[in-house]
Amino acid sequence: MPELISRAAALSRIEREGGRPACLMCAVRDRAVGDVHAIFEDDAILVMLPRYVRRWGQIMVLPKSHATSFAEVDPALWARVNELAHRAARVVERVRAPRRVYVASTGSGGGELTQSSMHLHVHVIPLYEPDDKPSSIFSWQDGVWVAAPAEWIALRDDYVRAWSAQGE
Ligand SMILES: [Zn+2]
Numbered sequence: 001m002p003e004l005i006s007r008a009a010a011l012s013r014i015e016r017e018g019g020r021p022a023c024l025m026c027a028v029r030d031r032a033v034g035d036v037h038a039i040f041e042d043d044a045i046l047v048m049l050p051r052y053v054r055r056w057g058q059i060m061v062l063p064k065s066h067a068t069s070f071a072e073v074d075p076a077l078w079a080r081v082n083e084l085a086h087r088a089a090r091v092v093e094r095v096r097a098p099r100r101v102y103v104a105s106t107g108s109g110g111g112e113l114t115q116s117s118m119h120l121h122v123h124v125i126p127l128y129e130p131d132d133k134p135s136s137i138f139s140w141q142d143g144v145w146v147a148a149p150a151e152w153i154a155l156r157d158d159y160v161r162a163w164s165a166q167g168e
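For the sequence shown, the working numbering assigns the number 1 to the initial residue and increments by one for each residue that follows.
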């Protein structure tokens with residue numbers, strides 16, 4: 001079963017896995033900070049399972065080019081990111097049957113933080129509890145979920161199957 005670990009434990013694991021890269025999202029893209037469970041990938045965008053999540057089943061849509069402000073992002077690329085985030089949200093609905101799904105871009109500006117990369121990206125987050133609120137979802141204060149390698153692979157495989165079905 002996926003396991004809830006503390007924010008401090010998660011931060012120390014992240015540091016062990018990849019030190020403190022200048023940009024965590026670029027390091028993820030380059031496979032420099034641990035396993036990447038990709039659901040979809042092309043030259044411009046990576047859709048994957050983030051390794052530390054507030055809710056099991058979370059997906060991240062990552063434009064590969066390093067951009068830290070919306071002014072830097074080509075509108076066509078951002079439209080494609082959102083198209084894939086929509087597809088990811090439909091996959092999450094199909095596979096995880098959550099109560100709700102949040103889709104949010106939380107990167108940009110302000111410098112690099114370990115749990116909040118400046119490199120623009122979009123989170124697709126399933127919510128299961130009736131009282132889940134943005135304030136608890138977008139904070140690590142109550143810990144983050146991690147899982148064993150086989151659990152990540154099983155989730156990735158479920159999502160890849162549903163992703164393909166969405167394209168039909
Ligand atoms: Zn970057």
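Note that the Cβ used here is the ideal one computed from N, Cα and C, for glycine as well.
Three or more beta-carbon pairs separated by less than 8 Å are not found between the stretch 134-152 and the stretch 63-78, which leaves the two stretches without contact. Around the CB of residue 68, 16 or more other CB atoms lie within 10 Å, so the residue is classed as buried. Minimum Cα-Cα distance from residue 17 among the listed residues 6, 36 and 4 corresponds to 36. Assignment of residue 93 by DSSP, reduced to helix, strand and coil, places it in the helix class.
The beta carbons of residue 62 and residue 25 sit closer together than 7 Å. According to the DSSP assignment, residue 63 belongs to the beta strand (DSSP E) that extends over 59-63. Nearest Cα to residue 106 within the set 97, 93, 98 and 121: 121.
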